[in-house]
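Below is one structure, written out as C-alpha cells; comments come after it.
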Amino acid sequence: MKVAAATPPSNVGALPLDPSWVDEVLLRGTGAEPCLFLDEPVSRDGLRRLVRTRQTALSSAGLVRGGSVALCLAPSLALVANLLAAWRIGAQAALLDHRLTPFETDRALARLEPQVVVAAAQPVGTGPAHGFYEQREIVTTRPGRPARTSHAVVQLSSGSTGPSKIIGRTAADLVAELDRYARIGGVPRAGQRIVSLASMVHVLGLVGGLLHCLHAGVRLAIPRRLTADGILATVAAGPEPTTLLGVPFHLELLSWVAEPPRLPQLTGMTTGGELVRAQVHDAFVDRYGIRLGSMYGMTEVGVIATDLFGTHRPELTPAPGLTLRAVDGELLIATGQSPYLDHGPTGATGPARWDDGWLHTRDGGEVDPGSGRVRVLGRLDSQVSIGGLKVDLTEVEHTLAALPEVDAAVVVFGTSIEAYVVLREAGGTTARIEAQLTERLAAYKRPRLIHLVDRLPRTATEKLVRDRTALRDAGQL
Amino acid sequence: MLAGFGDRTPEEVPEGIDSMELAWLVHQIEQRYDRHLDDATLARMTTVSGAVDVLAALGPLTGPGQ
Numbered sequence: 018m019k020v021a022a023a024t025p026p027s028n029v030g031a032l033p034l035d036p037s038w039v040d041e042v043l044l045r046g047t048g049a050e051p052c053l054f055l056d057e058p059v060s061r062d063g064l065r066r067l068v069r070t071r072q073t074a075l076s077s078a079g080l081v082r083g084g085s086v087a088l089c090l091a092p093s094l095a096l097v098a099n100l101l102a103a104w105r106i107g108a109q110a111a112l113l114d115h116r117l118t119p120f121e122t123d124r125a126l127a128r129l130e131p132q133v134v135v136a137a138a139q140p141v142g143t144g145p146a147h148g149f150y151e152q153r154e155i156v157t158t159r160p161g162r163p164a165r166t167s168h169a170v171v172q173l174s175s176g177s178t179g180p181s182k183i184i185g186r187t188a189a190d191l192v193a194e195l196d197r198y199a200r201i202g203g204v205p206r207a208g209q210r211i212v213s214l215a216s217m218v219h220v221l222g223l224v225g226g227l228l229h230c231l232h233a234g235v236r237l238a239i240p241r242r243l244t245a246d247g248i249l250a251t252v253a254a255g256p257e258p259t260t261l262l263g264v265p266f267h268l269e270l271l272s273w274v275a276e277p278p279r280l281p282q283l284t285g286m287t288t289g290g291e292l293v294r295a296q297v298h299d300a301f302v303d304r305y306g307i308r309l310g311s312m313y314g315m316t317e318v319g320v321i322a323t324d325l326f327g328t329h330r331p332e333l334t335p336a337p338g339l340t341l342r343a344v345d346g347e348l349l350i351a352t353g354q355s356p357y358l359d360h361g362p363t364g365a366t367g368p369a370r371w372d373d374g375w376l377h378t379r380d381g382g383e384v385d386p387g388s389g390r391v392r393v394l395g396r397l398d399s400q401v402s403i404g405g406l407k408v409d410l411t412e413v414e415h416t417l418a419a420l421p422e423v424d425a426a427v428v429v430f431g432t433s434i435e436a437y438v439v440l441r442e443a444g445g446t447t448a449r450i451e452a453q454l455t456e457r458l459a460a461y462k463r464p465r466l467i468h469l470v471d472r473l474p475r476t477a478t479e480k481l482v483r484d485r486t487a488l489r490d491a492g493q494l
Numbered sequence: 002m003l004a005g006f007g008d009r010t011p012e013e014v015p016e017g018i019d020s021m022e023l024a025w026l027v028h029q030i031e032q033r034y035d036r037h038l039d040d041a042t043l044a045r046m047t048t049v050s051g052a053v054d055v056l057a058a059l060g061p062l063t064g065p066g067q
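Chain order of the listed sequences is B and V.
Taking our numbering, the leading residue of the first sequence gets 18, the next gets one more, and so forth.
Taking our numbering, the leading residue of the second sequence gets 2, the next gets one more, and so forth.
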C-alpha cells in the first residue's frame, strides 16, 4: 500500500504539550463579548477567569505540563473550564462520558492511569438528557502516569473486541480541524450563533460546537432541556443567525412539533453522527423551511466530509485538506500518524486500523472519481448508533458472555439492541442478567430485549449465526 | 402512547424505556398536558410501569392534545 503522508508516527511520542495554543486559538477575543450561553451568558473575560481558577486548582492537585488528567464530568461550564485549564497547563486530558457506569469508568481509569481525576460531586440522575448540567468538581490525585504521548485530548470509543479503543488527538490536529471548519462554506462565522445539542464530550459537540465557536467568534448556546420546546426556546432567545448542531435523534425530536413557532433567526441545522433517513430529512425541511446539512466525521479525525446545504445528498464533499479513497469498499483517510494509544490487540487498534498513513474508517463507501465526493454506505463492522452515541455490539456481547451464569450470547440490532442468551443452568432470569448489565454497561449500550434460548443457531463450522430470523426461530425458553 | 412511537403493538413495547422513547413521552406529555415535569418526576419514567404511575398522578388531560 502506498504511503499517504511522510510524517513519522513517532511524532506523537512523549513531547510535552505546548499550552500556548489555548490562548492563541481559543481564548483570544474581545473581553466583554459573550461567547457561551448556558442559561446565562459567559463573557470571554468571564471564561478566562474561570479557566485561570481551575488551572490553579488543577496545579494545586499536582497537574503539570506533560501530566495527565481524566475529566469525568457531564457537559457543563465546569467541563469547559477544566478542559481548557488542563490544556493551558500543558496536560493531556481524557474525556470520559458521564453516562458510563462506575464499573466502566473504573476500568477506563485503570487503562488510562491519569494522575488527576476531576469528577462531579453529585452524579447526574436518570431521566431525559440535558444539554448541560450544573457540576461541582471534586479533584482527586492518583498514583497515575504522566502523559505517554503528546496528544492533548484522549477519548474512548466502544471497542470492536470488547474494551474501548483509546483515541488521541494532538493540539495540532485539533487546530487543523478548526482550520477545516473555517474553510467549509456554510459553517457559522463570527457574529452568528450555534445552538448545540451535541454533547461536548464527543467530537461533534466538542470541536464542531465548543472549540469552533471559541475559535471563530461564534456564539455558542446550549439548551438546558433537550426537548423540542427547550431547543426552540433557546433559538428564540437570541437574535443572531442561528444554526442548530445535533444528531438525527434531535432532528426526529424537532420533527414531532406539529406547528413550530416562526423563528426567522433559525437559518439551518447540521447533523452528524449517522446517516439521516430521506423521509426524516424531507419532513424536517418541510416543517421548518430551513437548510438541513449533513456532516460525516469520526472521533479519530473530526469532520471528514460535509454537505451543509443538502445539495448533493446523499453525497458529501471532503473537508479541505483531507484525502479520502475507497479500497475494497472501505473508506480510508490519509492521516500522518495513528490516533490510537492502545497497547492492546493490534488486530483491533493497531496496523489493521491504521496502516502506512491511512486510517481505516470501517465505514463502507465510495469516492466519485469525477467530483471527488464521497458516499457513505454504512458500517462494515458491528458498530451501531444509539441516539448518536456509538455502540459496538461486540462490546455488549463480550460483557454479556462474561457474566457467570451466561453460557453464550449473541447481540443484534434491529430497531434496538437485542440479546439472545443461553444460560449455564436452568433457573436464571432476565432480571438477574439485566441487573448485572446495569452495573457493567452504560444505559445506552444495554440490550432493550433479552431473549433466553436453549441454544444459539450455528453454522456447519460452529460459528454463531447473527441472522435475526434464525435467532428468533432458536428455541425460546 | 409508547406503542404509537415506532408503530408497534402495545405487546411489542419493552418494559424498559430508552432515551428516544423517553424524549417522545416528555414531548407528548408537554403537548397534551401543557406542562413541564421536573427532573425528579421524569427520572421515575425509566420503565413502562413508572411512566404509568407518573401519568396516573397527572390526572385528566387539560391540554390541546386531548
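All residues carry an ideal CB built from backbone N, CA and C; glycine is no exception.
For residue 15 (chain V), the closest Cβ of chain B is nearer than 7 Å. No Cβ of chain B is located within less than 7 Å of the beta carbon of residue 3 (chain V).
Looking at the DSSP output, residue 346 (chain B) sits in no beta bridge, so it has no partner there.
In the DSSP assignment, residue 46 (chain V) is bridged to no other residue. Nearest to residue 41 (chain V) by alpha-carbon distance, out of B:306, B:141, B:86, is B:141. Residue B:306 holds the alpha-carbon nearest to the alpha-carbon of residue 276 (chain B) among B:306, B:290, B:295, B:251. Contact between residue 144 (chain B) and residue 43 (chain V) holds, with the beta-carbon distance rounding to 4 Å and staying under 8 Å. Interface annotation, residue 294 (chain B): not in contact with chain V, CB-CB separation never under 7 Å. In this structure, residue 251 (chain B) lies near residue 212 (chain B), with their beta-carbon atoms less than 7 Å apart. Taking a C-beta cut-off of 7 Å against chain V, the contacting residues of the region 260–271 of chain B are 266, 270, listed in chain order.
At a cut-off of 7 Å between beta carbons, residue 50 (chain V) makes no contact with chain B. Look at residue 43 (chain V): its C-beta is under 7 Å from a C-beta on chain B. Residue 153 (chain B) has a beta carbon lying at 7 Å or more from every beta carbon in chain V. Spatial neighbours of residue 16 (chain V) in its own chain (CB-CB distance under 8 Å, excluding positions within 5 residues in sequence) are listed in chain order as 48, 49, 50. Within chain V, the residues whose beta carbon sits less than 7 Å from that of residue 144 (chain B) are 40, 43, 44, listed in sequence order. Of all residues in the region 230–246 of chain B, only 244, 245, 246 place a beta-carbon less than 7 Å from a beta-carbon of chain V. In the DSSP assignment, the residues bridged to residue 475 (chain B) are B:481. Counting only runs that start and end inside the region 164–218 of chain B, the alpha helix (DSSP H) elements of at least 4 residues fall at 188–200.
In the structure shown, residue 412 (chain B) falls within a helical segment according to DSSP collapsed to helix, strand and coil.
The beta carbon of residue 397 (chain B) is closer than 8 Å to those of 346, 347, 379, 380, 381 in its chain, skipping five residues each way along the sequence.
Close to residue 273 (chain B), with beta-carbon spacing below 9 Å, are these residues of chain V in chain order: 24, 25, 28, 29, 32.
The beta-carbon separation of residue 237 (chain B) and residue 43 (chain B), rounded to 12 Å, does not stay under the 8 Å limit for a contact. Our two residues, residue 433 (chain B) and residue 25 (chain V), have alpha carbons roughly 16 Å apart in a direct line.
When the Cα atoms are used, residue 390 (chain B) and residue 219 (chain B) turn out to be separated by approximately 25 Å.
Per DSSP, reduced to three states, the secondary structure at residue 313 (chain B) is strand. Looking at the backbone, the Cα of residue 458 (chain B) and that of residue 388 (chain B) are separated by about 43 Å.
Contacts with chain B at 7 Å (Cβ-Cβ) do not include residue 10 (chain V).
In terms of beta-carbon proximity, residue 405 (chain B) stays away from the interface with chain V, with every pair separated by 7 Å or more. Contact of residue 461 (chain B) with chain V by beta-carbon distance below 8 Å involves 19, 20.
Collapsing the DSSP output to three states places residue 66 (chain B) in a helix. Excluding sequence positions up to five before and after residue 392 (chain B), its CB lies within less than 7 Å of the CB of 331, 332, 382, 383, all in the same chain and listed in chain order.
Here residue 203 (chain B) is not near residue 341 (chain B), since their CB atoms are 7 Å or more apart. Straight through space, the alpha carbons of residue 282 (chain B) and residue 50 (chain B) are spaced by roughly 20 Å. Look at residue 466 (chain B): its C-beta is under 7 Å from a C-beta on chain V.
Taking C-beta atoms as the reference points, residue 426 (chain B) and residue 419 (chain B) fail to come closer than 7 Å.
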